[in-house]
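Here is the structure we will look at, set down as structure tokens.
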Amino acid sequence: MSFAEEQLDAAARGMAVDDLDARIEEQLEAERGKDLLRFSTAGSVDDGKSTLIGRLLYDSRNVYDDHVRAVTRDAAIDFAQLTDGLRAEREQGITIDVAYRYFSTAKRKFIIADTPGHEQYTRNMATGASTADVAIVLVDARKGILDQTRRHACIASLLGIPTVIAAINKMDLMEFSQEVFEQHRRDLEALAQRLEIPELIPVPVSALEGDNIVHRSQRMPWYTGQSLLGLLETVPLAIERAHAGLRFPVQRVLRPHQDFRGFAGQIAAGTVRPGDEVVALPSGFRTRVRSISTWDGELDVARAPQSVVLTLEDERDISRGEMIASASAPPHRTTRFEATVVWMHATPLRAGATYLLKHTSQTVRAHVAEIRSRIDVEHLEERGTDQLALNDIGRVVIETSRPLLADTYRESRSTGSLILIDSADNATAGAGMIRSITDAAETTTTVAQASGALITLGARPHLAAELESALLGTNVLVLRTRARGVRAELLAVARLGAVVLAESDTSGPVLLTTGDAGAAETHVLAGEQATEILNELQRLGAIPTGDTDDDAVTR
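When we follow the working numbering, the leftmost residue of the sequence shown carries the number 4, and every step to the right adds one.
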């Protein structure tokens, strides 16, 4: 009898309300004390991922009766439809979007990400697997390893998932043959070795019949391992997030009154206690944690991935997008790094393209400096290329307009991952995992020493866009505007070190103005190429030249 059924039975027998409430609180407390395991499914189309998850939920008694009745036809349960929730999925019999399901057993809580198998939805698979501790890769026992199986296994490896369970499905159609299982096991282990997957566990299953899903199968006595659920209940949890150095991206500053300044966010990695020495980045200011606050009160210790409010012993101006980190093991400060990117946009990625880059709680402009290779999923080899098409995976070099506070993906998932956003349509263009980092030199920028300028462009939107992108790529403060009749105000902004790009609907020469409203100097520029205008800006001292006293600065 389930707990819900026990509640109804107790109510029918007249159990005291207080006793029933106490039972409920006891059950909830037990649930809160269980470990949480996140896992995803992967594999080629029609390998039976949704059926497997449906069978897992049904046999572990984690599906409501009305839901079961809704997917039962002619006394047969369509297990796949327990997770395929979109109308198009039910009509076509396929998975399109990532379906998340929560369930629990007596030993552990689980969050499932049921991901699609079609190649055109590879980006959805990468999204669903990005937070997983375990990946279940299905293989159809009749077909063996397919290209999409390799692609999903490759993504699981790139995402740093430590344990992959290879569920060799549809064993009922192969008469539960041990020989078939052993052949697929050898092929999968060879694939895991090439992809450097730390642990691969092969399991023969029949999702439709329920063999080795929740209970050990009696039809495969030659298999001596655990059932799928048994493995999920006992596989070690990934502990790297709590044992890494503290990474706390600031999401919001709380200032309810003048005596309180708190920094709200989610701990991306590590552990924090009151009294710990931390560093505020990018300023580099060192201080100690005064308190850790939550909705339920103050804590003596907080770990990833808890959301908390930190207060510091010293008053400092720390804003959203900045980071509070371990003073003994801070993250890298970088404007150039190499990343593995899963491309998700219909427009191919090419070197020289500019995107918005979202990393932790900050968004910056990013320039793709180089595309080094594309991973050939079929042969698991890297090949030279000049672009990445939709669903391609490749290695690229990215440069950012402002320094990121980052780690490699193997060191920390949260601070080693990023997304690229197309600024034209605000669509997610790619997901990236940082592989190697070039540290930015610890020197002060010369932007503040630049005089700034007002550039009157008239009706030249393409030139304005090109200048804006180039200036942002060199850490120059840029204001692009179509404001009229406010020349003095725009010059005042320029005197702060910014370059103001003033557009209008009128034609005329390109004008470059420096100085303030009382002593402005205006130059008529003969050239209308972005490179010529940038050179003139540097000659007049309106923007920094990029030269510093430190030869180690990496661009």
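Ideal placement from N, C-alpha and C gives every residue a C-beta, glycine not left out.
Query                                                                                                            : Result
Range covered by the beta strand (DSSP E) that runs through I374                                                 : Q365 to D379
Stretch pair the segment 197-207 + the segment 162-177: three plus CB contacts closer than 8 Å                   : yes
Reference L240, options W298, Q254 and T166, closest by Cα                                                       : T166
Three-state secondary structure (DSSP) of M326                                                                   : strand
Where K52 falls, given that 16 or more other Cβ within 10 Å makes a residue buried                               : buried
Own chain, CB closer than 6 Å to I97, minus 5 neighbours either side, in chain order                             : With a pLDDT of only 43 at I97, under 50, the local geometry of the prediction cannot be trusted, and the value read off the model is given with reservation. Contacts found: none.
Three-state class that DSSP yields for V183 in the structure shown                                               : helix
Own chain, CB closer than 6 Å to L39, minus 5 neighbours either side, in chain order                             : K112
Option nearest L499 by Cα separation, candidates I401, L55 and T517                                              : T517
Runs of beta strand (DSSP E) lying entirely within the segment 461-519, each at least 3 residues, in chain order : 481-484, 502-506 and 513-517
Spatially closest choice to P252 from D410, A33 and A501, by CA coordinates                                      : D410
Test item: CB-CB of A473 and L504 under 8 Å                                                                      : no
I536 (DSSP reduced to helix, strand or coil)                                                                     : helix
Cβ neighbours of T459 in the same chain (closer than 6 Å, five flanking residues each side left out)             : A505 and L514
Burial state of L257 (16 or more Cβ within 10 Å)                                                                 : exposed
Beta-carbon proximity check, T441 vs F340, cutoff 8 Å                                                            : yes
Opposing strand residues paired with G36 [DSSP bridges]                                                          : Paired residues: none, contrary to the question.
Classification of N538 by the beta-carbon crowding that lies within 10 angstroms, buried from 16 upward          : exposed
Completely contained beta strand (DSSP E) runs for the segment 248-326, where each covers 3 or more residues     : 250-252, 255-257, 265-269, 280-284, 288-297 and 310-315
Beta-ladder partner(s) of H526, from DSSP                                                                        : L515
Q390, DSSP secondary structure in three states                                                                   : strand
The segment 333-348 contacting the segment 400-414, beta-carbon criterion three pairs below 8 Å                  : yes
For V633, the residue or residues it bridges with in DSSP                                                        : One cannot answer for residue 633 here, as it falls past the ends of the chain, which runs 4 to 558.
Own chain residues within Cβ distance below 8 Å of E236, not counting five before or after                       : T108, K110 and R111
Under the three-state DSSP convention, the category V66 falls into                                               : coil
First and last residue of the uninterrupted beta strand (DSSP E) at D150                                         : That residue, D150, is in no beta strand (DSSP E); its alpha helix (DSSP H) goes D150 to L161.
R416 versus Q365: straight-line alpha-carbon distance, rounded                                                   : 16 Å
As assigned by DSSP and simplified to three states, the class of R188                                            : helix
Cα-Cα separation, I374 to L352                                                                                   : 9 Å
Environment of F263 [buried if 16+ CB atoms lie within 10 Å]                                                     : exposed
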